[in-house]
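Down below is the structure, laid out as structure tokens.
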Amino acid sequence: MEPGEAGRRTPPICVILPDGQEVRARLHARRRHTDGWQYQVGILTWQDGRNDTAEPVEHRAWISPAHARPLPDVSYQHVPTHPPPPADSSPHRKHRPAWTVQHLPHRPGHPGATLIHVIGCTPSNQTLNREQALTALHQPRATACTECAAASSLTDHQDETQGPTPPSTPD
7 MEPGEAGRRT PPICVILPDG QEVRARLHAR RRHTDGWQYQ VGILTWQDGR NDTAEPVEHR
67 AWISPAHARP LPDVSYQHVP THPPPPADSS PHRKHRPAWT VQHLPHRPGH PGATLIHVIG
127 CTPSNQTLNR EQALTALHQP RATACTECAA ASSLTDHQDE TQGPTPPSTP D
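Quick note on numbering: the sequence shown equals residues 7 to 177 in my numbering.
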């Protein structure tokens, strides 16, 4: 390994700690996860050593983009990028709830209706998997919420486990 090669593979990055402190760390890898991007960072800290001394040790952790900030004028192009984990094809994964149903009562001049939402849009105790949500959507006076784009999430035939497009990553 040539001098400086390790530095290109593990460039510095700013990490925001849980208490709000910002420290410099090393970016070892990045990967796309089901919830977006994650970054493996290494932070140099102290550990107890021999004879009551302190020795440096690197603590590594996978963190979200909310806890990492690229540094100006630093290239991240040589950081290893891992592919997303393989899609889980188990029956449990395919049938997990991801939508909710909201029943709107009948009012004078307005018949009752059913709204299908992406989970988290509107509080509901009734969660649905994809098949249940599609069935509910085909009932009379049922519609998909336009605020959370429930219709596009139900008709999107990309792999259900892929999730949304990842945010941009430091390059």
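Just so it is clear, CB atoms sit at the ideal spot from N, CA and C, and this is done for glycine as well.
Using the three-state DSSP reduction, which class does residue i fall into: helix, strand or coil?
i: HIS73; result: helix
i: LEU6; result: Lying before the first or after the last residue shown, residue 6 is absent from the chain, which here runs from 7 to 177.
i: ASP79; result: coil
i: GLN138; result: helix
i: ARG147; result: coil
i: THR16; result: coil
Would you kindly work out how many angstroms separate the C-alpha atoms of residue i and residue j, rounded to a whole number?
i: ALA31; j: ASP58; result: 26 Å
i: HIS84; j: PRO17; result: 9 Å
i: ALA104; j: HIS39; result: 18 Å
i: GLN132; j: LEU77; result: 45 Å
i: HIS65; j: LEU134; result: 41 Å
i: LEU23; j: HIS88; result: 24 Å
i: HIS144; j: PRO86; result: 46 Å
i: VAL63; j: TRP52; result: 6 Å
i: HIS112; j: GLN138; result: 23 Å
i: PRO130; j: GLY115; result: At residue 130 the sequence reads Ser, which differs from the Pro that was named. Distance between the alpha carbons of SER130 and GLY115: 25 Å.
i: PRO117; j: GLN108; result: 14 Å
i: LYS100; j: CYS154; result: Bear in mind that the predicted position of LYS100 carries a pLDDT of just 49, short of 50, making it unreliable; the figure below should be weighed with that in mind. C-alpha separation (whole angstroms): 21 Å.
i: ALA150; j: LEU110; result: 13 Å
i: ALA119; j: THR152; result: 14 Å
i: GLN27; j: GLY55; result: 26 Å
i: GLY42; j: THR161; result: 21 Å
The beta strand (DSSP E) with residue i in it runs from where to where?
i: GLN108; result: 105-110
i: HIS84; result: Per DSSP, HIS84 belongs to no beta strand (DSSP E) and is neither H nor E.
i: HIS39; result: 28-39
i: HIS123; result: 119-124
Tell me whether the beta-carbon of residue i lies closer than 9 Å to the beta-carbon of residue j.
i: ALA156; j: VAL124; result: yes
i: HIS34; j: VAL21; result: no
i: ALA44; j: ILE19; result: It should be pointed out that residue 44 corresponds to Gln in this sequence rather than to Ala. Not a contact, by the Cβ cut-off of 9 Å.
i: VAL29; j: ILE49; result: yes
i: THR141; j: THR106; result: no
i: TYR82; j: ARG136; result: no
Under DSSP, the alpha helix (DSSP H) around residue i begins and ends at which residues?
i: THR51; result: Careful: THR51 lies outside any alpha helix (DSSP H), inside the beta strand (DSSP E) at 42-54.
i: THR161; result: 156-161
With a threshold of 9 Å between beta-carbons, can residue i be considered close to chain C, or not?
i: ALA74; result: The structure shown contains no chain C, having only a single protein chain.
Are the stretch 61-76 and the stretch 118-134 touching, with three or more C-beta to C-beta distances below 8 Å?
no
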